[in-house]
Amino acid sequence: MPRIPSTQALRALECFSRHGTVWAAADELNLTRSAVSHQLRMLERDLGFPLFNRVGTRIELTIRGRAYAIDVRRALSVIAGSAARNAGHGLSGGLTISCTPGFAATWLCTKIQRFRTTCPDVALTIVTPRRLDDVSNPGVDLFIAFGEGNMPDVEVELLQEVEFTPLISPILLNRLGGLQEPADVLRADLLHLASRDDWLDWILLAGLPEDTANSGIVFADMNLVYAAAMNAQGIAMGDEFICHEAMESGHLIRPFDLTIKSPKSYYLAIPPEKADIATVCAFRRWILDELPG
1 MPRIPSTQAL
11 RALECFSRHG
21 TVWAAADELN
31 LTRSAVSHQL
41 RMLERDLGFP
51 LFNRVGTRIE
61 LTIRGRAYAI
71 DVRRALSVIA
81 GSAARNAGHG
91 LSGGLTISCT
101 PGFAATWLCT
111 KIQRFRTTCP
121 DVALTIVTPR
131 RLDDVSNPGV
141 DLFIAFGEGN
151 MPDVEVELLQ
161 EVEFTPLISP
171 ILLNRLGGLQ
181 EPADVLRADL
191 LHLASRDDWL
201 DWILLAGLPE
211 DTANSGIVFA
221 DMNLVYAAAM
231 NAQGIAMGDE
241 FICHEAMESG
251 HLIRPFDLTI
261 KSPKSYYLAI
271 PPEKADIATV
281 CAFRRWILDE
291 LPG
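Residues 1 to 293 in my numbering are what the sequence shown spells out, letter by letter.
So this is what it looks like as structure tokens:
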């Protein structure tokens with residue numbers, strides 16, 4: 001039987017294949033960049049076929065390298081699933097959940113103690129992905145992802161559809177003297193997530209000029225958008241599900257009934273090899289019961 005490469009080298013390859021850079025892989029694995037580079041060089045040498053193309057100072061996976069990395073990801077996921085199934089007894093052991101930052105901060109983290117009450121011996125780890133629809137991390141047992149539902153190599157179940165609408169703090173609303181019509185949103189900064197596309201559909205639905213969506217501030221994270229909105233720095237295009245409690249408490253106000261349905265939704269995604277793990281099944285039942293019908 002051919003010698004099996006080291007697990008650390010395989011993890012380095014799998015992580016590099018997801019992120020595309022050595023520094024990002026090193027950050028996730030908590031290693032130095034030189035350590036990750038060394039693992040990748042040794043793996044390529046041990047396998048005897050090229051995994052990478054060198055492009056200047058960068059490296060990228062070859063076709064064979066990408067195919068091998070996919071196989072490695074599946075193998076690591078199977079190993080992790082087997083370990084979870086055989087760890088302890090009953091509902092003990094670990095459960096790692098990948099959750100989008102907004103969902104984690106404003107919904108999951110406000111209710112997770114209820115799951116802990118029902119499963120006190122489960123050691124929970126909650127991580128956030130680099131992309132909202134990323135379901136590729138083999139160390140994760142289940143994913144709460146935001147996307148269009150076409151997620152590869154996982155069993156996908158709809159958790160929550162999403163509608164967007166402008167949301168404003170009562171302080172800013174009073175400062176502006178109220179918002180009487182959709183065009184009044186342009187009297188304040190528009191707060192955008194990642195790009196300026198989030199406001200565009202609402203702007204067009206409201207009959208406003210398309211280029212008015214280009215004003216305002218762009219943030220890299222949803223939590224930053226909502227923090228700015230609640231501190232009267234501008235108007236957010238808000239996810240009504242994520243912002244439900246802020247709206248109920250009066251920290252954010254919906255000034256108009258005009259909403260747009262997002263083409264993306266929140267999904268529960270579970271690797272098939274982990275679908276029958278007791279802790280995964282327990283969390284799935286819990287979150288489906290907790291979510292509004």
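Here a beta-carbon is modelled for each residue, glycine too, at the ideal position from N, C-alpha and C.
Every value quoted in this text rests on a predicted model; they were computed, and no experiment measured them.
DSSP three-state call for residue i: helix, strand or coil?
i, result
"residue 265", "strand"
"residue 58", "strand"
"residue 88", "Summary for residue 88: the model assigns pLDDT 37, below 50, so the residue's position carries little reliability; its value from the coordinates is reported in the next sentence. Residue state, collapsed to three classes: coil."
"residue 285", "helix"
"residue 96", "strand"
"residue 72", "helix"
"residue 102", "helix"
"residue 143", "strand"
"residue 255", "coil"
"residue 123", "strand"
"residue 277", "coil"
"residue 236", "strand"
"residue 214", "helix"
"residue 203", "helix"
"residue 162", "strand"
"residue 137", "coil"
"residue 157", "strand"
"residue 208", "coil"
Might you give, ordered along the chain, the residues of its own chain that have their beta carbon closer than 8 Å to the beta carbon of residue i, omitting 5 neighbours on each side?
i, result
"residue 114", "286 and 290"
"residue 208", "182, 183 and 186"
"residue 210", "200, 203 and 204"
Have a look at the options and flag the residue whose alpha-carbon is nearest the alpha-carbon of residue i.
i, options, result
"residue 143", "123, 249, 254 and 95", "95"
"residue 130", "262, 19, 248 and 264", "19"
"residue 198", "180, 188, 217 and 183", "217"
"residue 234", "121, 266 and 193", "193"
"residue 6", "61, 43, 63 and 118", "43"
"residue 196", "185, 203 and 214", "214"
"residue 159", "21, 268 and 29", "268"
"residue 16", "138, 4, 201 and 45", "138"
"residue 57", "32, 48 and 23", "23"
"residue 128", "53, 108, 168 and 121", "108"
How far does the alpha helix (DSSP H) with residue i in it extend, from its first residue to its last?
i, result
"residue 171", "170–175"
"residue 34", "33–47"
"residue 22", "22–29"
"residue 192", "Looking at the DSSP string, residue 192 is not in any alpha helix (DSSP H); the run it does join, the beta strand (DSSP E), is 190–193."
"residue 9", "7–19"
"residue 110", "109–118"
So, at 6 Å on beta carbons, what are the nonlocal neighbours of residue i in its own chain, with the 5 sequence-adjacent residues on each side left out?
i, result
"residue 161", "265"
"residue 67", "none"
"residue 73", "14 and 138"
"residue 102", "222 and 242"
Does any heavy atom of the ligand COA sit closer than 7 Å to the C-beta of residue i?
i, result
"residue 28", "Absence of the ligand COA from the depicted structure is noted, as is the absence of any ligand whatsoever, leaving it without description."
State the start and end residues of the unbroken beta strand (DSSP E) segment that holds residue i.
i, result
"residue 248", "From DSSP, residue 248 is part of no beta strand (DSSP E) but of the alpha helix (DSSP H) over 244–249."
Counting beta carbon pairs with one atom in the segment 172–179 and one in the segment 252–260, are three or more of them shorter than 8 Å?
yes
Would you check if there are 3 or more beta carbon pairs closer than 8 Å linking the segment 238–246 to the segment 180–190?
no
Contact between the segment 115–130 and the segment 274–284 is defined here as three or more beta-carbon pairs at a separation below 8 Å; is this criterion met?
yes
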